[in-house]
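Asks: Next up is a structure, given as structure tokens.
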Amino acid sequence: MAFDLDPTVRSRELGLRLSTAMRAAGFSANEIARKLGWSPSRVSRLLSGKRGVRLIDIAAFLAVCDIIGDERGAVLEIAEHAWETLWWQQCGSRLPERSHTLSFLEDTSSAMIHTGYGMVPALLQTESYMRASLRALPTIPEEEVDSRVAHGLARQEIFDRDRPVRFRFFLHEYAMTRTGHGRRAMSEQLHHLVRMAVRPHVEVRVVAEAPGSVPFEPFRIIEFAEFNPVLYLEDLTWVAFIERADTLNSYRRVVAEIDAVALDRAASRDWLATTAADLASASGRPDADAIG
Numbered sequence: 468m469a470f471d472l473d474p475t476v477r478s479r480e481l482g483l484r485l486s487t488a489m490r491a492a493g494f495s496a497n498e499i500a501r502k503l504g505w506s507p508s509r510v511s512r513l514l515s516g517k518r519g520v521r522l523i524d525i526a527a528f529l530a531v532c533d534i535i536g537d538e539r540g541a542v543l544e545i546a547e548h549a550w551e552t553l554w555w556q557q558c559g560s561r562l563p564e565r566s567h568t569l570s571f572l573e574d575t576s577s578a579m580i581h582t583g584y585g586m587v588p589a590l591l592q593t594e595s596y597m598r599a600s601l602r603a604l605p606t607i608p609e610e611e612v613d614s615r616v617a618h619g620l621a622r623q624e625i626f627d628r629d630r631p632v633r634f635r636f637f638l639h640e641y642a643m644t645r646t647g648h649g650r651r652a653m654s655e656q657l658h659h660l661v662r663m664a665v666r667p668h669v670e671v672r673v674v675a676e677a678p679g680s681v682p683f684e685p686f687r688i689i690e691f692a693e694f695n696p697v698l699y700l701e702d703l704t705w706v707a708f709i710e711r712a713d714t715l716n717s718y719r720r721v722v723a724e725i726d727a728v729a730l731d732r733a734a735s736r737d738w739l740a741t742t743a744a745d746l747a748s749a750s751g752r753p754d755a756d757a758i759g
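Counting from 468, one number per residue, gives the positions in the sequence shown under the numbering used here.
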């Protein structure tokens, strides 16, 4: 039985994988429809992530596109769980250099909320800060650092999209006063944050140390113009994409608490500029590519 449902991260990824297979095979959506005996609208809704289908239909689509082996198994695995609202991805010994799922969500997003405690979020990192951060992770081999930096910097092109994403970053002062990267590198990083914070679609808010406690684990809420929002969590060896409304509501309450204690946009820019200048002029140990 086929039916339409609200798209999930998995169903949208399924549509993306099928679209990629279709193009690689040199077919149009109409040609696929004719080969499978489907209507063009059915193919369109499947590729957009809206169409619920049987695994046998996905297998037939893949057969037409000559997709076999591991890729076929991976696509069928996604299809089997396409309508679940939690996608936990175990990544082995370390996160992949490029998360296809996260990249796809970023590319199609309309707004994002980031929180960061111990580190500046990757989308705001300078090259030197990013390189030092990667080298400090025991899970990342040295031979992967250059390619990971290149991919990380390429992701930052999202700020220059024709229809820019609206960003809200909440950064704890702890992430910006650690000098293990070297004072010069940290000063450059903070100056970069000041430059980013003056962009109209980028809100950077500093959370200074204050009495009381506010939940402050790193997480991201990704929003879309036409799809349900997604909560993104990650650790050293796994990532999770969560779409449950009750879970998202809990994290939005955390955002509200952080927002209540964070400096406003102007005060945050002043804090960043002052701290960057202090780091640049302070005497200290030489730059180092280790976190301390």
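No residue lacks a Cβ here, since even glycine has one placed at the ideal position from N, Cα and C. Keep in mind the model is a prediction, meaning the values are calculated, not measured.
Let's see if you can read the secondary structure: which residues bound the alpha helix (DSSP H) around Tyr596?
Replies: For the purposes of this step, residue 596 is identified with residue 129 of the sequence shown, where counting begins at 1. It spans Glu594 to Arg602 - the alpha helix (DSSP H) in which Tyr596 sits, taken as one unbroken run.
Asks: At the level of alpha carbons, what is the spacing between Phe691 and Arg662?
Replies: Along the sequence shown, one-based indexing puts residue 691 at 224. Along the sequence shown, one-based indexing puts residue 662 at 195. Approximately 26 Å, taken between the alpha carbons.
Asks: Could you tell me the alpha carbon to alpha carbon distance between Glu480 and Glu693, rounded to whole angstroms?
Replies: Position 13 of the sequence shown, counting from 1, holds the residue named residue 480. Position 226 of the sequence shown, counting from 1, holds the residue named residue 693. The alpha-carbon atoms of Glu480 and Glu693 are separated by roughly 15 Å.
Asks: I need the straight-line Cα distance from Leu435 to Val476, nearest angstrom please.
Replies: The chain is shown only over 468 to 759; residue 435 falls outside these bounds and no answer can be derived.
Asks: Tell me, please, whether the region 576-591 touches the region 630-638 by the rule of three or more beta-carbon pairs shorter than 8 Å.
Replies: As far as the Cβ criterion goes, the region 576-591 touches the region 630-638, which means the pair count is three or higher.
Asks: According to the Cβ coordinates, are Ala642 and Gly585 closer than 7 Å?
Replies: Numbered from its first residue, the sequence shown carries residue 642 at position 175. Numbered from its first residue, the sequence shown carries residue 585 at position 118. The answer is yes: Cβ separation under 7 Å.
Asks: State the CB to CB distance for the pair Val697 and Glu710, rounded to an integer number of angstroms; the pair is presumed to be in contact (CB under 8 Å).
Replies: Start at 1 with the first residue of the sequence shown, and residue 697 comes out as number 230. Start at 1 with the first residue of the sequence shown, and residue 710 comes out as number 243. Indeed they touch by this definition, with Cβ atoms about 6 Å apart.
Asks: Any idea what DSSP makes of Met586, helix, strand or coil?
Replies: What you label residue 586 is simply residue 119 of the sequence shown in a count that begins at 1. Three-state DSSP puts Met586 in coil, outside helix and strand.
Asks: Say whether the region 498-513 touches the region 533-547, bearing in mind that this needs 3 or more beta-carbon pairs closer than 8 Å, one atom from each stretch.
Replies: Because the criterion of three Cβ pairs below 8 Å is not met, the region 498-513 and the region 533-547 do not touch.
Asks: Can you give me the Cβ contacts of Leu553 inside the same chain, cut-off strictly under 6 Å, excluding the 5 residues immediately before and after it?
Replies: Taking the sequence shown and counting its residues from 1, one reaches residue 553 at position 86. Ile709.
Asks: Between the Cα of Arg732 and those of Gly516, Ala526, Leu638 and Leu572, spot the shortest distance and give me the residue it belongs to.
Replies: Numbered from 1 along the sequence shown, position 265 holds the residue referred to as residue 732. That would be Leu638, whose Cα lies nearest to the Cα of Arg732.
Asks: Going by DSSP, what residues sit across from Val697 in a beta bridge?
Replies: What you label residue 697 is simply residue 230 of the sequence shown in a count that begins at 1. Paired residue(s): Ile689.
Asks: Just checking my contact of Ser566 with Val706 at CB under 8 Å: how many whole Å lie between their CB atoms?
Replies: For the purposes of this step, residue 566 is identified with residue 99 of the sequence shown, where counting begins at 1. For the purposes of this step, residue 706 is identified with residue 239 of the sequence shown, where counting begins at 1. About 6 Å; that satisfies the 8 Å criterion.
Asks: Which residue marks the beginning of the alpha helix (DSSP H) containing Leu715, and which one marks its end?
Replies: Locating residue 715 in the sequence shown gives position 248, where the first residue counts as 1. Note, Leu715: alpha helix (DSSP H), Ala712 to Val728.
Asks: Return the chain-ordered list of same chain residues with a C-beta closer than 6 Å to the C-beta of Ala747, the five sequence neighbours on each side being excluded.
Replies: Working through the sequence shown from its first residue, we reach residue 747 at position 280. So the list reads Ser654, once near-sequence residues are dropped.
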